Every structure is written in structure tokens, then in C-alpha cells.
Amino acid sequence: MAHNRYLVVSDLHLADIEDHADGWKRHKSSAWIYDDEFDRMVAAFEADGDPDDRLTLILNGDIFDFDLVTAVPDPAPWPVGPLEHEYGLAATAPKSAWKLERMLADHPRWIATLGRLCRDGHRVVLVIGNHDRELWFPAVTRVFVDAVSAVVGHAVPADRLYVEPWFFYVPGEIYVEHGHQYDYYSSFRYNLEPVYEMRGEQHLALTTGNLSNRFMLGNIGYFNPHATDFILSLVGYVKHWFRYYAFTRRWLMLTWFLGSVRSLAGLLNIRGRLKRNPPRDYDRHLDATAERYDIDPDTVRALYALRREPITKRAFKIFREFWLDRLTLAVLMVLGTVTLLVAPVPVWLKVMVPLTGFPLLWFIYQWLAGNDNALTLEQKTHTYAHAIASLVPVRAIVFGHTHVPNQIPLSRDVTFANSGTWAPIWDKEKLEHAAGLRNYVAVAVGEHGRCDVHLGSWMELHPGSAAAKSLSDDRPTR
């Protein structure tokens with residue numbers, strides 16, 4: 003058997019529980035809690051090894067989803083603004099610590115699993131992703147560590163339970179990173195110091211993906227933010243509105259518009275503050291990483307250089323991401339139609355331009371603008387794994403982030419895998435679990451450098467409409 007065994011899971015998206023009878027925010031419902039299944043999976047891997055084997059559970063990012071927590075304490079121990087009451091607390095150390103405490107309170111079995119693993123002499127490593135980047139604050143990390151230690155009954159040694167801000171690496175064996183830095187919708191400008199100063203307090207410099215979830219998707223409760231059902235065509239959005247909003251008191255268009263404006267304002271505010279006051283001596287974080295893993299500093303800088311610059315440097319992409327470009331074009335077309343109606347021009351021109359010219363202009367614009375989005379970006383992740391394999395000696399490279407489980411051989415000796423997701427994703431018609439998820443990547447390193455990489459799903463096979471549906475038909479994302 004192997005001497006070192008690694009169990010990698012990612013994108014659990016644990017949050018506080020909300021139950022609504024009408025299906026609003028179904029992704030936060032108690033019906034989708036999987037803590038018992040997670041415990042059984044970890045226990046099975048614990049048992050499947052020799053007594054002298056060491057199991058490392060690597061929680062590879064987006065384990066918690068801070069963006070989904072909209073609750074506010076009452077009374078609050080600190081000032082809470084109007085936007086926070088509507089969209090959730092700001093991403094500061096004390097408020098994020100409170101959010102994590104609330105999430106953990108709804109998942110005692112999950113924390114107990116980690117505690118048992120540490121108590122049995124194994125190791126737990128949490129690599130921060132984009133939706134749980136608030137763990138960067140030491141106070142928030144302390145909440146997590148203290149919760150696990152409370153289960154154990156004493157403080158867990160720092161080498162058996164810790165949080166990594168970037169990656170986990172064992173030379174010659176494994177490299178694990180969440181992968182959001184290769185996605186310009188989710189990458190942080192300064193991933194290892196992702197904060198800015200406002201009113202004397204550090205705030206997390208949220209990405210496009212974070213802000214979209216907080217201000218839009220988190221308040222459009224009939225969309226599942228863990229899947230792709232929120233990426234629709236214009237006709238698709240109209241159908242969605244008729245089905246869920248037309249005869250209710252909830253607003254889709256207003257929520258989208260206000261959320262887009264607030265997300266855009268937040269992005270511009272963060273970009274401006276980081277531009278005026280970037281972190282001082284940022285390279286110290288890279289040097290600390292090099293020292294911690296005994297990697298040449300130039301190699302660490304080469305790894306860091308692989309990241310994608312965030313979308314905040316691409317004004318058109320920002321505008322398009324929130325559909326503001328299409329809104330502007332639609333408004334101009336409406337104004338053009340009204341102008342033609344009142345203008346002294348031939349009737350055929352009044353009719354033909356709105357009915358043929360404007361639709362043609364719309365399709366030409368859509369073609370020129372391109373279709374690069376979160377779904378197309380996920381197809382390129384293995385290329386970054388290739389680059390990493392050329393920089394550090396490893397046998398297995400594991401990412402998360404895309405929610406799409408896959409395994410690709412990079413060479414005779416190196417394998418890349420994506421650890422998929424445990425987030426609530428279901429078949430839309432029967433509300434059954436989507437097949438093939440609740441994933442894990444098991445890496446076993448034995449004598450003479452032999453390395454076995456296995457991508458699996460901790461789900462029973464239930465033939466039916468959900469099981470027959472290919473994952474590629476509705477690929478989940480972030």
C-alpha cells in the first residue's frame with residue numbers, strides 16, 4: 003500500500019441553511035445537505051490503508067461560500083449598512099468570522115468529520131478558493147481551526163490542520179490549487195494579499211464572480227448559482243420570467259439591473275482603491291511561499307506569472323458580463339424606432355429598419371463580441387497544469403473551481419485531475435441529484451515513486467432521467 007495518500011475534494015459550497023416552501027433558494031435547502039455522505043466517504047478512505055499510512059484530506063477551495071450568506075445578526079455588534087441588510091455583510095474580518103460561525107453551526111457533522119480525522123493522526127489542509135477567500139483573514143481562519151479543535155478536545159497541531167492561501171505541494175508527489183486564478187472572472191489582482199483599506203478597515207477585494215453572486219445571483223433565487231442555468235439567451239430569460247416571476251411579487255429585471263449596477267460600481271471602486279494603494283512589498287508573500295515549500299524563488303514567481311489578470315482591466319468585458327452592452331443596444335434601438343416613427347421618412351423605412359435592420363445589427367454585434375465566458379474558460383485549465391508540471395516535479399496536479407470532474411494524462415508520469423464539486427446541482431425536471439458529482443480525487447504514492455490517481459464520484463447509481471443526462475448537456479460552473 004501507499005505511504006502517502008491524498009484525498010482531494012473541492013467546491014463543497016457549504017453555506018447556512020434556508021428553507022422556502024416555494025423553492026426559492028433551493029440550493030440552500032436542508033434537502034441537499036450531504037454531511038453524512040461526506041463523513042462516510044472520509045471514513046472509507048481512512049479504513050482503506052495500512053496502519054502506518056498517512057492520509058491527507060485536501061479541501062481544495064470554495065469549501066465555504068461566503069457570498070451566499072445574506073443573514074445579519076440582530077442585534078449586530080458592529081455597524082451594518084443598508085446594502086448589507088439587503089445583500090449580506092461586507093467582507094471584513096469580524097463580519098466574515100460571524101458568517102463562518104453561522105455556516106459551521108448548520109454543519110456540525112461535517113466539522114466532526116474533520117475533527118475525527120485529526121484525532122486519528124491524519125492531516126487536513128484547506129486551500130483557499132475564490133468564494134472562501136475570506137479565510138485569508140487570520141480571525142476567520144481561527145474560527146475554522148477552533149471549531150475543529152473543539153471536536154478533538156484540544157488544539158490541533160499546526161502541521162496537522164492548516165490553511166493555505168495559494169497551493170499545497172509535496173515535491174515529487176502532488177500539487178493542488180483551486181484554479182480560480184486562471185479564470186479572469188474570478189482571479190484576484192493580489193491573491194496573496196487580496197484586501198484594500200476603507201475607513202481604516204481591511205475589506206476583501208472581491209472579484210467579478212463574487213460581486214455577481216452577492217448582488218445578483220444571490221437575490222435571483224430561482225437560479226442555481228452552482229450550475230449554468232443562469233446563463234441563458236434573451237429568449238431563455240423571458241421564458242424564465244414568465245415561469246417564475248410574472249405572477250409573483252418578486253422582480254427579475256429590477257433585481258438584475260440594480261445588481262448589475264451595484265456590482266459594476268463595486269468593481270470600479272475596488273479597482274480604483276487597489277490602483278491608488280497597492281500592497282506594499284507584495285513579493286514578500288512569494289518569498290514566504292518559496293521558503294515554506296523549499297522552492298526556488300524564481301520558480302515561485304514563474305508559477306505566479308501563470309495567473310490571468312482579472313477582468314477589471316478589460317472595460318468591455320465588464321460591461322458585457324453584466325449585459326449592460328445589450329441593454330444599451332436595445333435602448334438605442336427603441337429610441338431609433340421612435341425617432342423613425344415621428345421622422346418625415348417613407349413608411350417602408352419606418353417598418354423595414356426596426357424589423358430587419360436592427361435585428362441584423364444585433365446579430366452582427368453578438369458575433370463580433372464573441373462568446374468567451376465562464377464555460378469556455380474551463381476548457382483551458384489543463385494547459386495551466388502542463389505549465390505547472392514543467393516548473394515543479396510532481397506526479398499529480400489537481401484543480402477544482404470549474405465543477406467539471408475530469409482526468410487528463412499530461413505525460414507518461416504526470417496526471418491532471420479536476421475534483422469536480424459537491425454543490426447542490428440537480429436535474430431541473432425531477433429535482434434529482436445530477437449524476438456523477440460529489441467527486442473526489444484519490445492520489446496514492448508508494449515505493450519507488452509509483453503514483454496512482456483516481457477520480458471518482460461518491461454517489462449511488464440511480465438509472466433515470468438525471469442519470470441519463472450527460473454532464474456535458476448542462477455543465478456546472480463555479
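Under this note's numbering, the first residue of the sequence shown is numbered 3, with each subsequent residue one higher.
Note that beta-carbon positions come from the ideal geometry of N, C-alpha and C, so glycine has one too.
Computed from a predicted structure; not experimentally measured.
Have a look at the DSSP bridge pairing and note the partners of residue i.
i, result
"Glu199", "Gln204"
"Trp428", "His435"
"Asp454", "Ala446"
"Asn441", "Ser459"
"Glu88", "Glu88 pairs with nothing; no bridge assigned."
"Phe170", "Val178"
"Arg7", "Leu57, Ala446"
Using the C-alpha atoms, what's the distance from residue j back to residue i?
i, j, result
"His29", "Ile222", "12 Å"
"Tyr224", "Arg252", "11 Å"
"Gly131", "Trp428", "23 Å"
"Val154", "Ala160", "14 Å"
"Lys471", "Tyr36", "Summary for Lys471: the model assigns pLDDT 43, below 50, so the residue's position carries little reliability; its value from the coordinates is reported in the next sentence. So the two alpha carbons sit approximately 21 Å from each other."
"Arg322", "Pro167", "30 Å"
"Lys319", "Ser392", "31 Å"
"Phe139", "Pro280", "18 Å"
"Phe40", "Ala114", "11 Å"
"Asp185", "Thr257", "26 Å"
"Leu308", "Thr341", "50 Å"
"Pro173", "Gly448", "14 Å"
"Val394", "Val147", "30 Å"
"Leu473", "Leu439", "The pLDDT assigned to Leu473 is 41, lower than 50, so where the model puts this residue is not dependable; a value taken from the coordinates is nonetheless given after this. Each residue's Cα considered, the two are about 9 Å apart."
"Ala469", "Asp13", "Any reading at Ala469 must be qualified, since the residue scores a pLDDT of 44, below 50, and its modelled position is unreliable; the value itself is stated next. One C-alpha to the other measures close to 21 Å."
"His205", "Trp80", "15 Å"
"Thr301", "Arg201", "37 Å"
"Tyr246", "Tyr239", "11 Å"
"Asp475", "His228", "Caution applies to Asp475, whose pLDDT of 43 falls short of 50 and renders its modelled position unreliable; the model cannot decide the point."
"Tyr171", "His450", "19 Å"
"Ile313", "Asp50", "44 Å"
"Asp38", "Val82", "35 Å"
"Ser421", "Ile297", "25 Å"
"Arg480", "Met354", "A caution first: Arg480 carries a pLDDT of 42, below 50, which makes its placement in the model too unreliable to give a value."
"Pro361", "Asp64", "41 Å"
"Leu269", "Ser31", "30 Å"
"Arg328", "Gly211", "20 Å"
"Asp54", "Phe324", "53 Å"
"Ala387", "Leu463", "31 Å"
"Gly458", "Phe418", "14 Å"
With respect to the alpha helix (DSSP H) encompassing residue i, which residues constitute its N-terminal and C-terminal limits?
i, result
"Val44", "37-49"
"Arg144", "140-154"
"Thr341", "326-344"
"Ala114", "110-121"
"Phe190", "Run containing Phe190: none; DSSP gives neither H nor E here."
"Phe360", "360-371"
"Thr314", "Note, Thr314: premise wrong, no alpha helix (DSSP H); not H, not E."
"Ala290", "285-295"
"Arg303", "299-306"
With respect to the beta strand (DSSP E) encompassing residue i, which residues constitute its N-terminal and C-terminal limits?
i, result
"Glu1", "Outside the displayed range of the chain (3 to 480) lies residue 1, so it cannot be described from this structure."
"Glu434", "Premise fails: Glu434 is in no beta strand (DSSP E) and is neither H nor E."
"Val98", "Sequence check: residue 98 is Ser here, not Val. That residue, Ser98, is in no beta strand (DSSP E); its alpha helix (DSSP H) goes 95-107."
"Pro411", "408-411"
"Arg56", "56-62"
"Asn420", "417-420"
Below 8 Å on the Cβ atoms is my contact criterion, and I expect residue i with residue j to pass it. Report the Cβ-Cβ distance as a whole number of Å.
i, j, result
"Ala93", "Leu208", "6 Å"
"Phe68", "His156", "Contact doesn't hold; Cβ gap of about 28 Å is too wide."
"Val400", "Ile176", "7 Å"
"Arg397", "Cys453", "4 Å"
"Ser151", "Met218", "Not quite, the Cβ-Cβ distance comes to about 37 Å (not below 8 Å), so this is no contact."
"Val145", "Ala107", "That pair is no contact at about 11 Å."
"Phe169", "Arg135", "In fact, because the Cβ distance is near 14 Å, the residues do not count as touching under 8 Å."
"His124", "Leu57", "4 Å"
"Ala141", "Pro196", "That belief does not hold up - the Cβ atoms of Ala141 and Pro196 are roughly 15 Å apart, past 8 Å."
Of the choices the options, whose alpha-carbon is the least far from that of residue i?
i, options, result
"His435", "His456, Val447, Met461", "Met461"
"Leu363", "Thr385, Gly338, Val344", "Gly338"
"Arg286", "Val145, Tyr192, Ile313", "Tyr192"
"Tyr164", "Val129, Thr383, Asp327, Gly25", "Val129"
"Cys120", "Arg162, Tyr171, Met105", "Arg162"
"Gly402", "His5, Asn6, His15", "His15"
"Val406", "Thr417, Asn441, Ala389, His388", "Asn441"
"Leu357", "Ala345, Leu370, Arg111, Val336", "Val336"
"Thr250", "Phe170, Val237, Asp24, Gly422", "Asp24"
"Thr423", "Leu412, Pro411, Ala437, Ile410", "Ala437"
"Met485", "Ser459, Thr385, Asp64, Leu326", "The requested residue 485 is not part of the displayed model; the chain covers only 3 to 480."
"Val74", "Pro346, Leu343, Met105", "Met105"
"Ile410", "Ala371, His456, Phe365, Gly372", "His456"
"Gln183", "Arg310, Pro361, Leu329", "Arg310"
"Ala444", "Asn62, Phe259, Lys101", "Asn62"
"Arg482", "Arg273, Asp52, Thr330", "The requested residue 482 is not part of the displayed model; the chain covers only 3 to 480."
Using a Cβ-Cβ distance under 8 Å, would residue i count as near chain B?
i, result
"Arg252", "Chain labels in this structure do not include chain B; a single protein chain is all it has."
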